[in-house]
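Colleague:
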Amino acid sequence: MVDNSRPLQESATLTQDTSQSSLLSAQGLSKSFGGIHALSNVAIEVKAGSITGLIGPNGAGKSTLFNLLSNFLTPDTGEVLFDGEPIQQLRSHQIAQQGLVRTFQVARVLSRLSVLENMLLGAQKQTGENLFKVLLQPKQLKREERQNRDRAFTLLESVGLAEKAYDYAGALSGGQRKLLELARAMMTHPKLILLDEPAAGVNPTLINQISDHVLRWNQEGVTFLIIEHNMDVIMSLCQEIWVLAEGKNLARGTPEEIQENSEVLEAYLGQ
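Position one of the sequence shown corresponds to residue 304 (the numbering used here), numbered consecutively onward.
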């Protein structure tokens, strides 16, 4: 069996050498919880305009890495660069304002707000967030509110939730909540979306719909980094895949290279 995927040492060097084309890159990320090393010297690179996959067996550290990249957790060591700038000093909402947003394996919505209200919460840097601007710029405020509602309805229409706009978000099914979370992420005008298992607990028809949305939004300029256990989704969507095992980089490569990597098959697929 031919092993064409690139090892950790080479991947770290490539990340440094190609930083100009990287929208998101991290080097030397480590994180421990008590005496347990969740991540050890992990590197990752997401090229602008790509759909990149992140896979690995349960406990490999994928969710911890997502939490570090989005600054939900602080790394013990290492650095994260987004759009060429370090982001560890920023809070999560500030990172979102820079264009890096994430979803969760179990979709998070505000159940007692309507679907439309959940969408409008995703709009960034609104005039209405500043009391003085509310008083001094009422026309701009109304114009932004109209634009945000129009964008929200356009996105809801694209994911098939326009008819649910005035329903409580808590009344949606699990799959519909995932679609709402995706659409709300798009409300932020993101540069990069971290998708945490978009296909988990979703029926095959909806998986295909989510994949279609990802492909369409990627063609419109949005970059994606996806954690996913569904190999059909990963292999069909991603141009490059990074593999974690036991909190460390195992391999990176194209879908074809990863499928032929004996170490990945042993660690992740159990073959």
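For glycine and all other residues, C-beta sits at the position ideal for the given N, C-alpha and C. Note that the structure is a prediction, hence the values are computed from the model and not measured.
What are the residues that DSSP puts in a beta bridge with Y471?
Modeller: Mapped onto the sequence shown, residue 471 falls at position 168. Its beta-bridge partners are S417.
Colleague: If you measure between the beta carbons of N287 and A502, is that distance less than 7 Å?
Modeller: Coverage of the chain is limited to positions 304 through 574, which leaves residue 287 absent and any answer about it impossible.
Colleague: Work out the CA separation of E549 and G556 for me, nearest whole Å.
Modeller: Mapped onto the sequence shown, residue 556 falls at position 253. Mapped onto the sequence shown, residue 549 falls at position 246. Going from the Cα of G556 to the Cα of E549 covers about 19 Å.
Colleague: Given a cut-off of 7 Å, decide if R405 and L497 are closer than it, judged by their beta-carbon atoms.
Modeller: The residue you call residue 497 lines up with position 194 of the sequence shown. The residue you call residue 405 lines up with position 102 of the sequence shown. Going by C-beta atoms, L497 is nearer than 7 Å to R405.
Colleague: Grouping DSSP H, G and I as helix and E and B as strand, with all else coil, what is R449?
Modeller: As a working mapping, residue 449 is identified with position 146 in the sequence shown. In this structure, R449 counts as helix in the three-state DSSP scheme.
Colleague: Using three-state DSSP, classify G381 as helix, strand or coil.
Modeller: Reading the sequence shown from its first residue, position 78 is the one you call residue 381. Strand, per DSSP.
Colleague: In the DSSP assignment, find the unbroken alpha helix (DSSP H) run with E348 in it and report its ends.
Modeller: Within the sequence shown, numbered from 1, the residue matching residue 348 stands at position 45. First-last for E348: I339 to K350, but that is the beta strand (DSSP E), not the alpha helix (DSSP H).
Colleague: Alpha carbon to alpha carbon, how far is F527 from Q401? Give it in angstroms, no decimals.
Modeller: Within the sequence shown, residue 401 is the residue found at index 98, counting from 1. Within the sequence shown, residue 527 is the residue found at index 224, counting from 1. Taking the straight line from one Cα to the other gives about 15 Å.
Colleague: Just confirm the distance between the C-beta atoms of S333 and L342, as a whole number of angstroms; I'd bet it's less than 8 Å.
Modeller: Against the sequence shown, residue 333 aligns to sequence position 30. Against the sequence shown, residue 342 aligns to sequence position 39. About 6 Å; that satisfies the 8 Å criterion.
Colleague: Look up D515 in the DSSP assignment and say whether it is helix, strand or coil.
Modeller: Translated into the one-based positions of the sequence shown, residue 515 becomes position 212. DSSP places D515 in helix when its eight states are reduced to three.
Colleague: For H492, which option in W545, K442 and A426 has the closest C-alpha, if you only look at C-alpha atoms?
Modeller: What you label residue 492 is simply residue 189 of the sequence shown in a count that begins at 1. Checking every option, the nearest Cα to that of H492 belongs to A426.
Colleague: Taking the alpha carbon of K350 as the point to measure from, which residue in E448, V525, F407 and E460 has its own alpha carbon closest?
Modeller: Start at 1 with the first residue of the sequence shown, and residue 350 comes out as number 47. Here the closest residue by C-alpha is V525.
Colleague: Using the Cα positions of T377 and T355, report the straight-line distance between them to the nearest angstrom.
Modeller: Residue 377 sits at position 74 when you count from the first residue of the sequence shown. Residue 355 sits at position 52 when you count from the first residue of the sequence shown. Distance between the alpha carbons of T377 and T355 is about 23 Å.
Colleague: From what residue to what residue does the alpha helix (DSSP H) around A329 run?
Modeller: As a first step, residue 329 is located in the sequence shown; it is residue number 26 there, counting from the start. Not the alpha helix (DSSP H): A329 falls in the beta strand (DSSP E), residues S325 to F336.
Colleague: Which residue comes first and which comes last in the beta strand (DSSP E) that contains V404?
Modeller: In the sequence shown, counting from the first residue as 1, residue 404 sits at position 101. From DSSP, the beta strand (DSSP E) with V404 extends over L403 to R405.
Colleague: Pull up the CB-CB distance for L483 and A410, whole angstroms please, since I reckon it's below 8 Å.
Modeller: As a working note, residue 483 is residue 180 in the sequence shown. As a working note, residue 410 is residue 107 in the sequence shown. So it is a contact: roughly 7 Å between Cβ atoms.
Colleague: What are the uninterrupted segments assigned as alpha helix (DSSP H) that are 4 or more residues long and contained completely in the region 544 to 574, given in chain order?
Modeller: Runs of the alpha helix (DSSP H) inside the region 544 to 574: 558 to 562.
Colleague: Quick one: Cα of E559 to Cα of S565, how far?
Modeller: Your numbering for residue 559 matches position 256 in the sequence shown. Your numbering for residue 565 matches position 262 in the sequence shown. Each residue's alpha carbon lies about 12 Å from the other.
Colleague: Could you tell me the boundaries of the beta strand (DSSP E) in which L376 lies?
Modeller: Position 73 of the sequence shown holds residue 376. Where L376 is concerned, there is no enclosing beta strand (DSSP E), given that its DSSP letter is neither H nor E.
Colleague: Below 8 Å on the Cβ atoms is my guess for V517 versus G359; work out the distance and round it to an integer in Å.
Modeller: By one-based count along the sequence shown, residue 517 stands at place 214. By one-based count along the sequence shown, residue 359 stands at place 56. With a Cβ gap of about 20 Å, V517 and G359 do not count as contacting.
Colleague: Identify whether Q312 lies in helix, strand or coil by the three-state DSSP scheme.
Modeller: Sequence index remark: in the sequence shown, residue 312 carries index 9 (1-based). Reliability fails at Q312, whose pLDDT of 38 lies under 50, so the model's placement of it is uncertain and no value is given.
Colleague: M422 and R519: beta carbons closer than 7 Å?
Modeller: What you label residue 422 is simply residue 119 of the sequence shown in a count that begins at 1. What you label residue 519 is simply residue 216 of the sequence shown in a count that begins at 1. It is not a contact, given that the beta carbons lie outside the stated cut-off.
Colleague: Along the alpha helix (DSSP H) that carries L464, what are the first and last residues, could you check?
Modeller: Stepping through the sequence shown from its first residue, residue 464 is reached at position 161. From DSSP, L464 is part of no alpha helix (DSSP H); its letter is neither H nor E.
Colleague: Can you give me the C-alpha to C-alpha distance between D535 and R446, rounded to a whole angstrom?
Modeller: Reading the sequence shown from its first residue, position 232 is the one you call residue 535. Reading the sequence shown from its first residue, position 143 is the one you call residue 446. Roughly 43 Å separates the two Cα atoms.
Colleague: Measuring alpha carbon to alpha carbon, tell me which residue in G473, M489, F407 and V412 is nearest S373.
Modeller: Numbered from its first residue, the sequence shown carries residue 373 at position 70. It is F407.
Colleague: Would you tell me roughly how many angstroms separate the C-alpha atoms of G504 and G477, rounded to the nearest one?
Modeller: As a position in the sequence shown, residue 504 is number 201, starting the count at 1. As a position in the sequence shown, residue 477 is number 174, starting the count at 1. C-alpha separation (whole angstroms): 8 Å.
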